[in-house]
Amino acid sequence: MQSEKMMILKMLQDGKINADEAARLLAGAESGSATPMSAPRVTDAPRPNAPPHPESAVDSMGRKLSEFAKTVEPKIKKATEVVVSKTASAAESISKSLSSHGAPKSSYAPPTGIGGQSGAVPPRAAAPATGTGGVEEVIEIKVTESGAELNLAGLNGQVLVKGYNGDKISAKIFTIAKRAGAKAQLATLGNKYYLSFDENDFERVCIDAFVPETMFNNIKVSTINGDLSLSTVSSQYVYAENMNGQTEIVGVSAVNLTVESNNGNLAIKDTTATTANIENFNGAININKVDIGTLKTNTFNGGIDMQIANLSAHDSYKWNVETSNGKMSVVLPTYTTIGYNIKAHAALDNVKLGLVSMNYTRNDSSFVEAKSSNYEAALKKVDMELATSNAPLIIN
Numbered sequence: 009m010q011s012e013k014m015m016i017l018k019m020l021q022d023g024k025i026n027a028d029e030a031a032r033l034l035a036g037a038e039s040g041s042a043t044p045m046s047a048p049r050v051t052d053a054p055r056p057n058a059p060p061h062p063e064s065a066v067d068s069m070g071r072k073l074s075e076f077a078k079t080v081e082p083k084i085k086k087a088t089e090v091v092v093s094k095t096a097s098a099a100e101s102i103s104k105s106l107s108s109h110g111a112p113k114s115s116y117a118p119p120t121g122i123g124g125q126s127g128a129v130p131p132r133a134a135a136p137a138t139g140t141g142g143v144e145e146v147i148e149i150k151v152t153e154s155g156a157e158l159n160l161a162g163l164n165g166q167v168l169v170k171g172y173n174g175d176k177i178s179a180k181i182f183t184i185a186k187r188a189g190a191k192a193q194l195a196t197l198g199n200k201y202y203l204s205f206d207e208n209d210f211e212r213v214c215i216d217a218f219v220p221e222t223m224f225n226n227i228k229v230s231t232i233n234g235d236l237s238l239s240t241v242s243s244q245y246v247y248a249e250n251m252n253g254q255t256e257i258v259g260v261s262a263v264n265l266t267v268e269s270n271n272g273n274l275a276i277k278d279t280t281a282t283t284a285n286i287e288n289f290n291g292a293i294n295i296n297k298v299d300i301g302t303l304k305t306n307t308f309n310g311g312i313d314m315q316i317a318n319l320s321a322h323d324s325y326k327w328n329v330e331t332s333n334g335k336m337s338v339v340l341p342t343y344t345t346i347g348y349n350i351k352a353h354a355a356l357d358n359v360k361l362g363l364v365s366m367n368y369t370r371n372d373s374s375f376v377e378a379k380s381s382n383y384e385a386a387l388k389k390v391d392m393e394l395a396t397s398n399a400p401l402i403i404n
C-alpha cells in the first residue's frame, strides 16, 4: 500500500493527475480498492434545508494534496534549475575524472591543530600516502595587508581551509597532473590571493591550507567531487560551494554568508552572520549554535536539524527554513527576552509546536501560526517561517 501511495504522489508531482484525482486514488488505496481515474465522483444532491456535510476523509486529503502541490511545484522547478546550472558547469570535470581514475576518494587527513607562537605558521599534518603518482608540495605566501580577497578551489578532491593568528597562507597542495610540467600554485593579483591552475591539465587538485584569520574581506572556497571544510575565519563576505561531497562550516564570522552544496550533507556550526543563504540539494542540513539575523535555508531530498543555543547578536531575526522529503526538527532557546512569531506548515504530515506561552491564530494538525505572549515586549524578536512537504515538522 505504501508503494502505491508513493506512486500516486509521484503522479501528482509529475502533473499526470490533479489533486482531486490523487485524493480519490489515495482513498481507494486506504480501503483496498482503487477508484478508476476515469470514473466521475458521485455525490448526493443536497436536500433543501439540510445541514452541510462534514468534511469527508477524501475532501480532507484533497485539500492537503492541493496545498502539497502548491508547495512542491516551485521546489521541483527550482531543483530542476539547480541541477541544470550546476551540472552544466561541472559535467566536463566529472567526466574527465571518472574516465581514468574512477570516483575520486579523499586522500588528506585534516590539520592536526594550531600550535607555536602567535603569528607562526601552524604545523602541517603528516603527508598522505598517495601511491597514485601524485605530487605534494607545501607553499607559503605572505599576505601584506588587510582587506584582501581569497579564492581557493579544488578539483576532484578535498579543500580544507582553516584560519589562524598569522599573516601567511601555508598550503599543502596535492595534485595528479595529466601532463608533465603542469603546476598548481598560490598566486597573487593585486590584493587577490588564489590557487592558480588550469583544470584541463589536472585529474585532481587538493588543498589543505592555513590562512590569516581576519585579513580577508572576501573569502571564496569551492571544490567538486571532494569534501569541503572552512573554519575559524572572519570576513565581510564568505562564499562556499561544493558538488558531490560533504560540506562543513565551523567557527565562521561573516556579514554575508552564502553556502551552496549538492549531493552531500551540509553542517553549519558555531557561526555568526548578519545575513546567510544556505542551500543544499540531495542532502541533509545540520545547523548548530549559530546566531544569524536573516537566515534563508532550504534543501531538497534531505532533513533539516537546527539546534540553537542562544540569540544575542541581533534585535530582530527573520528566518525562512524549508525542506522537501525530510523531517525538520528545530530546538530554540526560551529566554524571557526572546519572543517568537512562528508560521509552520507540513503539507502532508503534522506540525508539533512544543514552546509554552504561545497564542495561536491557527492550530491545525499540519499548519500552525502562533506568537509568544511576550512578543511585543520582547527585546529580541524572532519571525520564523518553516515548511516541509511530506515529513513531520517539530519545534521545541
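Under the numbering used here, the residue at position 266 of the sequence shown is numbered 274, and the numbers go up by one with no gaps.
Here a beta-carbon is modelled for each residue, glycine too, at the ideal position from N, C-alpha and C.
(request) Within the segment 296 to 364, note down every full beta strand (DSSP E) run reaching 3 residues or more, in order along the chain. (result) Taking 3 residues as the shortest admissible run, the segment 296 to 364 contains the following complete beta strand (DSSP E) segments, listed from N- to C-terminal end: 299 to 308, 312 to 315, 324 to 332, 336 to 339, 346 to 354, 359 to 361.
(message) Are the CB atoms of E221 and N173 within a distance shorter than 8 Å?
(response) Yes, the Cβ-Cβ distance between N173 and E221 is below 8 Å.
(request) Reducing DSSP to helix, strand and coil, say where E207 ends up. (result) E207: helix per DSSP, three-state reduction.
(message) Is it buried or exposed, L363, if we count other Cβ atoms within 10 angstroms and call 16 or more buried?
(response) So L363 counts as exposed.
(message) Let me check understanding here. Comparing Cα to Cα, which of A195, F205, S381, A161 lies closest to K186?
(response) Closest in alpha carbon position to K186, among A195, F205, S381, A161, is F205.
(request) Select from L158, A275, F182, D372 the residue whose C-alpha is nearest the C-alpha of S243. (result) Of all alpha-carbon atoms in L158, A275, F182, D372, the one lying nearest the alpha-carbon of S243 is that of L158.
(request) May I ask you to report which of helix, strand or coil DSSP gives R187? (result) R187 falls in the coil class under three-state DSSP.
(request) Spell out the partners DSSP gives L168 in its beta bridges. (result) L168 is bridged to D216, S237.
(message) Can you give me the C-alpha to C-alpha distance between G165 and S154, rounded to a whole angstrom?
(response) A direct Cα-Cα distance of roughly 29 Å separates G165 from S154.
(request) Express the C-alpha separation of S178 and V129 in angstroms, rounding to a whole number. (result) Low local confidence applies: a pLDDT of 46 at V129 is under 50, so the model's placement there is unreliable, with the coordinate-based value given in what follows. Approximately 7 Å between the Cα atoms of the pair.
(message) Let's test the definition: count the other Cβ atoms within 10 Å of the Cβ of S397 and tell me whether it reaches 16, buried, or not, exposed.
(response) The residue is buried, with at least 16 neighbouring Cβ atoms inside 10 Å.
(request) Give the straight-line distance between the Cα atoms of T342 and S320, rounded to the nearest whole angstrom. (result) Going by the C-alpha atoms only, they are around 12 Å apart.
(message) Within a Cβ cutoff of 6 Å, which residues of the same chain sit near E145, ignoring the five residues on either side of it in sequence?
(response) Excluding residues within five positions, the ones whose Cβ falls inside 6 Å are I181.
(request) Assuming N412 contacts S374 (C-beta within less than 8 Å), just tell me the rounded distance between them. (result) Beyond the ends of the chain as shown, which are 9 and 404, falls residue 412; an answer cannot be given.
(message) Among T331, M15, H353, whose alpha-carbon lies nearest the alpha-carbon of G306?
(response) With the sequence shown as reference, residue 306 is identified as Asn, and Gly is not the correct amino acid for it. Checked all of T331, M15, H353; the closest Cα to N306 is T331.
(message) Counting C-beta neighbours from all protein chains within 10 Å, is the total for R32 16 or more, i.e. buried, or is it exposed?
(response) Buried: at least 16 other Cβ atoms inside 10 Å.
(request) Alpha carbon to alpha carbon, how far is L160 from K326? Give it in angstroms, no decimals. (result) Taking the straight line from one Cα to the other gives about 31 Å.
(request) Counting only runs of 3+ residues fully inside the segment 261 to 293, write out the beta strand (DSSP E) ranges in chain order. (result) Runs of beta strand (DSSP E) with 3 or more residues, each lying fully within the segment 261 to 293, are found at 261 to 270, 274 to 277, 280 to 289, listed in chain order.
(message) So for L158, helix, strand or coil by DSSP?
(response) DSSP places L158 in strand when its eight states are reduced to three.
(message) Looking only at its chain, what residues have a beta carbon closer than 6 Å to the beta carbon of I286, apart from the 5 residues adjacent to it on each side?
(response) Correct list, in chain order: V267, T305.
(message) Please state the DSSP three-state secondary structure of L4.
(response) For residue 4 there is no data in the structure shown, the boundaries of the chain being 9 and 404.
(message) I'd like to check one pair, M314 with I295: are the Cβ atoms closer than 8 Å?
(response) Their beta carbons are under 8 Å apart, which means I295 touches M314 by this criterion.
(message) Am I right that T240 and G259 are in contact with their C-beta atoms under 8 Å? What's the rounded C-beta distance?
(response) Rounded, the Cβ-Cβ distance is 4 Å, consistent with contact.
(request) Leaving out five residues on either side along the sequence, give the residues of the same chain with a beta carbon under 6 Å from the beta carbon of V143. (result) Excluding residues within five positions, the ones whose Cβ falls inside 6 Å are T183.
(message) What residue range does the beta strand (DSSP E) around T196 cover?
(response) From DSSP, the beta strand (DSSP E) with T196 extends over 193 to 197.
(message) If I measure Cβ to Cβ from V376 and keep anything under 6 Å in the same chain, skipping five residues before and after, which residues do I get?
(response) Around V376, the same chain offers A352, V359, L361 as residues with beta carbons nearer than 6 Å, after the five sequence neighbours per side are excluded.
(request) Please go through the same chain and pick out, in chain order, the residues whose beta-carbon is closer than 7 Å to the beta-carbon of G1, but skip the five residues on each side of it. (result) In the structure as shown, the chain begins at 9 and stops at 404. Residue 1 is therefore absent and cannot be evaluated.
(request) Check I16 in the structure and name its three-state DSSP category. (result) DSSP places I16 within a helical segment (H, G or I) once states are collapsed to three.
(request) Could you work out which residue in M251, V338, T280 is closest to I257 when comparing CA atoms only? (result) Residue T280 is the option with its Cα nearest to I257.
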